[in-house]
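Per this note's numbering, residue 28 is the first one in the sequence shown, and the count goes up by one each step. Glycine included, C-beta positions come from ideal geometry on N, C-alpha and C. Predicted model only: the values in this text are computed from it and were never measured.
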Amino acid sequence: MSTFQAPKGTYDLIPPDSAKYLAVREAISAPLKNSGYGYIETPGFEDVALFARGVGESTDIVSKEMYAFETKGGDKLALRPEGTASVLRAALEANLHKAGNLPVKLWYSGSYYRYERPQKGRYRHFSQVGAEAIGTEDPALDAELIILADQAYRSLGLRQFRILLNSLGDKECRPVYREALQTFLRDLDLDEETRRRIEINPLRVLDDKRPDVQKQLTGAPMLRDFLCDACKAYHEEVRDLLTAAGVVYEDDEKLVRGLDYYTRTTFEFVHDGLGSQSAVGGGGRYDGLSEMIGGPALPSVGWALGVDRTVLALEAEGIEVDVPATTSVYAVPLGDEARRVLFGLVTELRKAGVATDFAFGGRGLKGAMKSANRSGARFTIVAGERDLAEGAVQLKDMESGEQEPVALDALVATVRAGLA
Numbered sequence: 028m029s030t031f032q033a034p035k036g037t038y039d040l041i042p043p044d045s046a047k048y049l050a051v052r053e054a055i056s057a058p059l060k061n062s063g064y065g066y067i068e069t070p071g072f073e074d075v076a077l078f079a080r081g082v083g084e085s086t087d088i089v090s091k092e093m094y095a096f097e098t099k100g101g102d103k104l105a106l107r108p109e110g111t112a113s114v115l116r117a118a119l120e121a122n123l124h125k126a127g128n129l130p131v132k133l134w135y136s137g138s139y140y141r142y143e144r145p146q147k148g149r150y151r152h153f154s155q156v157g158a159e160a161i162g163t164e165d166p167a168l169d170a171e172l173i174i175l176a177d178q179a180y181r182s183l184g185l186r187q188f189r190i191l192l193n194s195l196g197d198k199e200c201r202p203v204y205r206e207a208l209q210t211f212l213r214d215l216d217l218d219e220e221t222r223r224r225i226e227i228n229p230l231r232v233l234d235d236k237r238p239d240v241q242k243q244l245t246g247a248p249m250l251r252d253f254l255c256d257a258c259k260a261y262h263e264e265v266r267d268l269l270t271a272a273g274v275v276y277e278d279d280e281k282l283v284r285g286l287d288y289y290t291r292t293t294f295e296f297v298h299d300g301l302g303s304q305s306a307v308g309g310g311g312r313y314d315g316l317s318e319m320i321g322g323p324a325l326p327s328v329g330w331a332l333g334v335d336r337t338v339l340a341l342e343a344e345g346i347e348v349d350v351p352a353t354t355s356v357y358a359v360p361l362g363d364e365a366r367r368v369l370f371g372l373v374t375e376l377r378k379a380g381v382a383t384d385f386a387f388g389g390r391g392l393k394g395a396m397k398s399a400n401r402s403g404a405r406f407t408i409v410a411g412e413r414d415l416a417e418g419a420v421q422l423k424d425m426e427s428g429e430q431e432p433v434a435l436d437a438l439v440a441t442v443r444a445g446l447a
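Following this line, the structure appears as structure tokens:
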């Protein structure tokens with residue numbers, strides 16, 4: 028055992044669990060690849076001001092949870108706590124919005140970092156797959172992203188999740204609501220930190236999960252009553268498009284999400300089998316974020332789905348992810364000459380696209396066959412001096428237990444046919 032352990036709130040992803048996580052990432056990204064979204068990768072750390080401006084200084088993410096540090100050169104940086112601000116920064120830096128093909132549709136996958144109290148489903152290092160559609164204001168784009176996330180979850184077999192939907196209004200109608208909400212909140216019995224939040228971003232108070240706060244919020248003004256006609260029409264079209272696509276959702280008038288940049292459409296995917304950490308993903312429209320970080324006006328929408336929580340949701344529903352075996356063929360040489368010949372055959376099989384492993388370390392037949400079983404290989408190749416003298420190897424089907432000699436020059440074709 029090592030002297031060192033993974034830092035608190037983090038985890039190591041090792042086989043066979045790592046294969047499950049890879050399968051989840053692939054399932055989430057597959058609908059995006061099929062819908063015009065290109066892959067983007069950004070640095071694991073950014074200028075701390077990018078998140079302060081974009082995510083919002085009043086959010087817990089920026090004020091309490093961000094891993095910020097100063098380099099020897101004096102640069103103030105932060106490990107990325109979320110993906111949207113970085114992706115938009117990269118798109119602006121590369122002038123993707125000037126290519127004339129809007130929206131710019133991008134997807135990403137990576138690790139993110141927040142200094143939170145570790146618990147099941149909430150880690151200081153976590154994995155997400157996200158998607159952003161940059162540069163277009165269109166209800167169909169909002170609906171598309173929600174539908175693609177719904178499609179991804181259903182492709183994994185998940186059924187016990189719900190989609191919560193709300194509209195946060197825009198720069199025309201939200202200030203009127205903000206003032207009405209502030210007036211209501213100032214009369215409540217709230218702690219000093221929450222009172223500070225009332226003045227900076229009162230909508231964040233609605234997201235407070237503490238029961239004593241939620242109880243006092245009964246009777247709070249609802250944003251739906253303050254939406255302008257344009258926002259109402261926009262939201263209705265999103266709802267109509269989702270209904271037409273057969274996507275079931277629930278209206279949640281208190282849904283505001285944890286980031287300050289959202290406008291109009293906001294949504295969340297929740298799974299009731301995860302307890303207090305029920306959100307498995309979410310997103311929304313962020314029409315003003317580009318301007319917040321120094322870019323032009325670029326209305327955009329996106330989401331991020333948590334890989335860790337999606338895996339927990341699968342476990343809660345008792346769903347086994349279909350993970351293909353990493354090894355299809357396992358080669359076991361008996362003797363030095365067989366070792367040389369089989370190593371060459373392993374290389375040939377790999378070049379032919381067959382996932383093949385080799386019994387390294389000079390183990391005996393019994394130990395090597397145990398390794399072959401553990402590898403999950405469909406076939407095992409065994410050869411000794413007598414087999415090679417006859418120009419053949421023994422090919423064993425690990426499922427049926429049947430074994431037969433196969434000529435060396437026919438092995439690749441025979442194995443590929445058996446795996447087809």
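Indicate whether the contact test is met: 3 or more Cβ pairs, each with one atom in the region 287-295 and one in the region 304-313, closer than 8 angstroms.
Contact annotation: the region 287-295 touches the region 304-313, with at least three C-beta pairs closer than 8 angstroms.
Would you kindly work out how many angstroms separate the C-alpha atoms of Cys255 and Glu263, rounded to a whole number?
By 1-based counting over the sequence shown, the position of residue 255 is 228. By 1-based counting over the sequence shown, the position of residue 263 is 236. Straight-line spacing of the CA atoms in Cys255 and Glu263 works out to 12 angstroms.
Report yes if the CB atom of Leu325 is closer than 8 angstroms to the CB atom of Ile161, and no otherwise.
Within the sequence shown, the letter at position 298 stands for residue 325. Within the sequence shown, the letter at position 134 stands for residue 161. Yes, Cβ-Cβ distance for Leu325 and Ile161 is below 8 angstroms.
Going by DSSP in three states, Phe387 sits in which element: helix, strand or coil?
Along the sequence shown, read from residue 1 onward, the residue named residue 387 stands at position 360. In the structure shown, the three-state DSSP call for Phe387 is coil.
Rounded to the nearest angstrom, how far is the Cβ of Val409 from that of Gln421, given a contact under 8 angstroms?
Your numbering for residue 409 matches position 382 in the sequence shown. Your numbering for residue 421 matches position 394 in the sequence shown. Sure, about 4 angstroms apart at Cβ, within 8 angstroms.
Among the residues of its own chain, which have a CB less than 7 angstroms from the CB of Val89, if the five just before and after it don't count?
Numbered from 1 along the sequence shown, position 62 holds the residue referred to as residue 89. Cβ neighbours of Val89 within its own chain (closer than 7 angstroms, five residues either side excluded): Phe78, Ala79, Val82 and Gly83.
Outcome for Ser355 when other beta-carbon atoms lying within 10 angstroms are tallied against a minimum of 16
Along the sequence shown, one-based indexing puts residue 355 at 328. Buried: at least 16 other Cβ atoms inside 10 Å.
Cα-Cα, which of Ile55, Arg116, Pro432 and Gln146 is closest to Tyr180?
Your numbering for residue 180 matches position 153 in the sequence shown. Out of Ile55, Arg116, Pro432 and Gln146, Ile55 has the C-alpha closest to the C-alpha of Tyr180.
Considering Pro360, what are the terminal residues of the alpha helix (DSSP H) in which it resides?
Position 333 of the sequence shown holds residue 360. Here Pro360 belongs to no alpha helix (DSSP H); instead the beta strand (DSSP E) covers Val356 to Pro360.
When DSSP labels each residue in this structure, what does Ser154 get in the three-state scheme?
Translated into the one-based positions of the sequence shown, residue 154 becomes position 127. Collapsing the DSSP output to three states places Ser154 in a strand.
Assess contact between the region 339-358 and the region 173-192, defined as three or more Cβ pairs (one per stretch) separated by less than 8 angstroms. Is contact present?
The region 339-358, when compared against the region 173-192, does touch it at the 8 angstroms Cβ threshold.
Mapping DSSP to helix, strand and coil, what is Ala404?
As a working mapping, residue 404 is identified with position 377 in the sequence shown. Of the three classes helix, strand and coil, the one that applies to Ala404 here is coil, per DSSP.
Leu40 burial status per 10 Å Cβ neighbour count (16 or more: buried):
In the sequence shown, residue 40 corresponds to position 13, counting from 1. Exposed.
Looking at the strands, I want to know which residues DSSP matches up with Glu295.
Taking the first residue of the sequence shown as position 1, residue 295 is located at position 268. Looking at the DSSP assignment, Glu295 forms a beta bridge with Leu191 and Gly309.
Helix, strand or coil for Ile161, going by three-state DSSP, please let me know.
Sequence index remark: in the sequence shown, residue 161 carries index 134 (1-based). Strand.
Put Tyr289 into one of helix, strand or coil per three-state DSSP.
To locate residue 289, count along the sequence shown from 1; it is residue 262. In the structure shown, Tyr289 sits in coil (DSSP, three-state: anything other than H, G, I, E or B).
Quick check on DSSP: helix, strand or coil for Phe448?
Since the first residue of the chain shown is 28 and the last is 447, residue 448 is not available in this structure.
Taking only the alpha-carbon atoms, compute the straight-line gap between Leu369 and Thr383 and give it to the nearest angstrom.
For the purposes of this step, residue 369 is taken as the residue at position 342 of the sequence shown. For the purposes of this step, residue 383 is taken as the residue at position 356 of the sequence shown. Rounded to the nearest whole angstrom, the CA to CA distance from Leu369 to Thr383 is 11 angstroms.
Could you check the C-alpha separation between Leu191 and Ala76 for me, to the nearest Å?
One-based indexing of the sequence shown puts residue 191 at position 164. One-based indexing of the sequence shown puts residue 76 at position 49. Cα-Cα distance, rounded: 31 angstroms.
Let's test the definition: count the other Cβ atoms within 10 Å of the Cβ of Lys47 and tell me whether it reaches 16, buried, or not, exposed.
Mapped onto the sequence shown, residue 47 falls at position 20. It counts as buried.
Just reading off the beta strand (DSSP E) that Lys99 is part of, what are its end residues?
For the purposes of this step, residue 99 is identified with residue 72 of the sequence shown, where counting begins at 1. Looking at the DSSP string, Lys99 is not in any beta strand (DSSP E), and its letter there is neither H nor E.
I believe Leu119 touches Gly380 by the beta-carbon criterion, under 8 angstroms. Please report the beta-carbon distance rounded to the nearest angstrom.
The residue you call residue 119 lines up with position 92 of the sequence shown. The residue you call residue 380 lines up with position 353 of the sequence shown. Taking the Cβ atoms as the reference, Leu119 lies roughly 40 angstroms from Gly380, outside the contact range of under 8 angstroms.
Am I right that Cys258 and Ser327 are in contact with their C-beta atoms under 8 angstroms? What's the rounded C-beta distance?
Start at 1 with the first residue of the sequence shown, and residue 258 comes out as number 231. Start at 1 with the first residue of the sequence shown, and residue 327 comes out as number 300. The C-beta distance from Cys258 to Ser327 rounds to 17 angstroms, too long to meet the 8 angstroms contact threshold.
If I measure Cβ to Cβ from Phe96 and keep anything under 7 angstroms in the same chain, skipping five residues before and after, which residues do I get?
Numbered from its first residue, the sequence shown carries residue 96 at position 69. Non-local beta-carbon contacts of Phe96 in its own chain, meaning distances under 7 angstroms to residues more than five positions away in sequence, involve Leu104 in chain order.
Would you kindly work out how many angstroms separate the C-alpha atoms of Lys132 and Ala447, rounded to a whole number?
In the sequence shown, residue 132 corresponds to position 105, counting from 1. In the sequence shown, residue 447 corresponds to position 420, counting from 1. Taking the straight line from one Cα to the other gives about 36 angstroms.
Can you determine whether any heavy atom of the ligand ADP sits closer than 7 angstroms to the C-beta of Val409, and answer yes or no?
Annotation note on the ligand ADP: not contained in the displayed structure, which lists no ligands.
Span of the beta strand (DSSP E) holding Leu422?
Position 395 of the sequence shown, counting from 1, holds the residue named residue 422. In the DSSP assignment, Leu422 falls within the unbroken beta strand (DSSP E) covering Ala419 to Asp424.
Assess, as a yes-or-no matter, whether the region 125-144 is touched by the region 228-241 under the definition of 3 or more beta carbon pairs within less than 8 angstroms.
No contact exists between the region 228-241 and the region 125-144.
Limits of the unbroken beta strand (DSSP E) element including Glu73
In the sequence shown, residue 73 corresponds to position 46, counting from 1. Start and end: Phe72 to Asp74.
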